[in-house]
Amino acid sequence: MRAIPIVLLAYVFAMPAAGQQRGLKLYISADMEGVVGVVTGDQLGPSGFEYQRFREFMTNEVLAAIRGARAAGVTEIVISDSHGNGENLLIERLPADVTVVRSWPRPLGMMEGIDSTFDAVIFVGYHAGTTNPAGVRAHTISSARFADVRLNGRSMPEGGLNAAIAGHFGVPVILVTGDDAAVDEVRSAVGRIDGAVVKWNISFHAARTLTPDAAYTLIEERTRSALGRLPQFRPFVVPGPVTLDVRFKNYQPSQVLAYLPIVTRPDAHSIRYVGPDILAVERFLNFMTNYDANAIP
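Next comes the structure, spelled out in structure tokens:
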């Protein structure tokens, strides 16, 4: 029998098996208000007496999503720490082969790092928007400053804004976790996606909640299930130009922002900006929320 050259053998064994596909690439945007058990500011920032414990719960919810994703064939994961100061996740507890986006400012905010190479997006720990009468800690971007945020005349929660950013790159959101109001609202805004409800809102500062372990099990199962049905999901696309309307709780921000020639002021508390696409709108939103003339360095 004629010997097969070693170089040819190496080439054959390096080839993928018939039908084998590349691993999936997943983007996880993680907030905190929608994490299991969260109900007040006591859990949400460094000054809160429960914050350190709930950093653990937030990290564990992300880890649950990672386990479900791995079981479904995901090989590459980028995680956005998207709450508060952007420094909440306990990164030493995350797998060595993920990467994490931390702190601010970022041009694409809670979706920094997303691009067209991703196959899917998952929102972990999300909350309802500022115009929603239901939902634990319901707000949009800034609970202290914004009374409404609209895209092309439609009020949008953070989940809707962020899904539109993913949609710009052709990437679908497949799962949102949080309280019942948040899951319902994101679904209403962006279309058919899966949800994992880890608590049920009673008021702005009260909820009936799962235990942490039950929440982790649910998130892992729903992540694996959603990724197993990936072809069923479609990107949420907001075609340009995109009109952004922001209503402030006070009048002075709109007054000063209207000094910019790209901004109009429909009424005393509102501004309007029209961007060529959702990415320009997101950059403008991040300018509004992060600019500080006294910032150093």
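Mind the numbering: the sequence shown is residues 2 to 298 in this note's numbering, read in order.
All residues carry an ideal CB built from backbone N, CA and C; glycine is no exception.
No experiment lies behind these values; they were computed from the predicted model shown.
Indicate whether L228 and A70 have their beta-carbon atoms separated by less than 8 Å.
Residue mapping note: residue 228 aligns to position 227 of the sequence shown, counting from 1. Residue mapping note: residue 70 aligns to position 69 of the sequence shown, counting from 1. Yes, Cβ-Cβ distance for L228 and A70 is below 8 Å.
Helix, strand or coil: which one does DSSP assign to V238?
Numbered from 1 along the sequence shown, position 237 holds the residue referred to as residue 238. If DSSP states are grouped into helix, strand and coil, V238 belongs with coil.
Would you tell me roughly how many angstroms separate the C-alpha atoms of G196 and G160, rounded to the nearest one?
Residue numbering aside, residue 196 sits at position 195 when the sequence shown is read from its first letter. Residue numbering aside, residue 160 sits at position 159 when the sequence shown is read from its first letter. Approximately 12 Å between the Cα atoms of the pair.
Which whole-angstrom value is the C-beta distance of G179 and G35, which I expect to be below 8 Å?
Mapped onto the sequence shown, residue 179 falls at position 178. Mapped onto the sequence shown, residue 35 falls at position 34. Indeed, because the Cβ distance is near 3 Å, the residues count as touching under 8 Å.
Grab the span of the alpha helix (DSSP H) containing A296 for me, first residue to last.
Here residue 296 refers to the residue found at position 295 when the sequence shown is read from its first residue. Where A296 is concerned, there is no enclosing alpha helix (DSSP H), given that its DSSP letter is neither H nor E.
Determine, using beta carbons only, whether V177 and V187 come nearer to each other than 8 Å.
Against the sequence shown, residue 177 aligns to sequence position 176. Against the sequence shown, residue 187 aligns to sequence position 186. Yes; because the gap between Cβ atoms is below 8 Å, this pair is in contact.
What residue range is occupied by the uninterrupted beta strand (DSSP E) comprising E77?
As a first step, residue 77 must be located in the sequence shown, where it is residue number 76. In the DSSP assignment, E77 falls within the beta strand (DSSP E) that extends over V75 to D82.
Alpha carbon to alpha carbon, how far is R193 from N295?
Position 192 of the sequence shown holds residue 193. Position 294 of the sequence shown holds residue 295. The straight-line gap from Cα to Cα measures roughly 44 Å.
Can you list, in chain order, the stretches of the alpha helix (DSSP H) that have 4 or more residues and sit fully within the region 50–120?
If we require 4 residues or more, the alpha helix (DSSP H) runs fully inside the region 50–120 come out as 52–72.
Roughly how many angstroms lie between the CA atoms of R230 and E222, to the nearest whole one?
Start at 1 with the first residue of the sequence shown, and residue 230 comes out as number 229. Start at 1 with the first residue of the sequence shown, and residue 222 comes out as number 221. Straight across, the Cα-Cα distance linking R230 with E222 is about 13 Å.
By DSSP, does F205 sit in helix, in strand, or in coil?
In the sequence shown, the residue the question calls residue 205 occupies position 204. Correct three-state label for F205: coil.
Select from E57, R94, G110 and I92 the residue whose C-alpha is nearest the C-alpha of S83.
Locating residue 83 in the sequence shown gives position 82, where the first residue counts as 1. By alpha-carbon distance to S83, the top candidate from E57, R94, G110 and I92 is G110.
Select from A66, Q256 and L91 the residue whose C-alpha is nearest the C-alpha of P267.
Against the sequence shown, residue 267 aligns to sequence position 266. The shortest C-alpha separation from P267 is found at Q256.
CB-CB under 6 Å to G168, same chain, minus the five flanking residues each way: which ones, in chain order?
Here residue 168 is taken as the residue at index 167 of the sequence shown, counted from 1. So the list reads P236, F237 and V238, once near-sequence residues are dropped.
Kindly indicate the opening and closing residues of the alpha helix (DSSP H) around Y217.
Along the sequence shown, one-based indexing puts residue 217 at 216. Taken as a continuous stretch (DSSP letters only), the alpha helix (DSSP H) holding Y217 covers P213 to G229.
Judging by CA-CA distance, which residue of L45, A72 and N251 is the nearest neighbour of I272?
Reading the sequence shown from its first residue, position 271 is the one you call residue 272. When each option's Cα is compared against that of I272, the closest is N251.
Any contact between the region 135–143 and the region 87–104? By contact I mean 3 or more CB pairs, one from each, below 8 Å.
no
Based on Cα-Cα distance, which residue from V174, L152, R151 and R248 lies nearest to Y127?
Along the sequence shown, read from residue 1 onward, the residue named residue 127 stands at position 126. Across the set V174, L152, R151 and R248, the C-alpha of V174 shows the shortest separation from the C-alpha of Y127.
Do you know offhand how far V264's Cα is from T132's?
Position 263 of the sequence shown holds residue 264. Position 131 of the sequence shown holds residue 132. One C-alpha to the other measures close to 23 Å.
Compare the beta carbon distance of V137 and V40 with 8 Å and say whether it is the shorter of the two.
Along the sequence shown, read from residue 1 onward, the residue named residue 137 stands at position 136. Along the sequence shown, read from residue 1 onward, the residue named residue 40 stands at position 39. Their beta carbons are under 8 Å apart, which means V137 touches V40 by this criterion.
In angstroms, rounded to a whole number, what distance separates the CA positions of A207 and R23?
The residue labelled residue 207 in the question sits at position 206 within the sequence shown. The residue labelled residue 23 in the question sits at position 22 within the sequence shown. Straight-line Cα distance between these residues: approximately 44 Å.
Looking only at C-alpha atoms, which of D181, S226, D278 and G49 sits nearest to T210?
By 1-based counting over the sequence shown, the position of residue 210 is 209. Nearest of D181, S226, D278 and G49 to T210, Cα basis: D181.
Give a yes or no on whether the C-beta atoms belonging to V102 and S117 are separated by under 8 Å.
On the sequence shown, residue 102 is found 101 positions in, with the first residue counted as 1. On the sequence shown, residue 117 is found 116 positions in, with the first residue counted as 1. Not a contact, by the Cβ cut-off of 8 Å.
Please report the distance separating the alpha-carbon of T60 from that of R54.
On the sequence shown, residue 60 is found 59 positions in, with the first residue counted as 1. On the sequence shown, residue 54 is found 53 positions in, with the first residue counted as 1. Approximately 10 Å between the Cα atoms of the pair.
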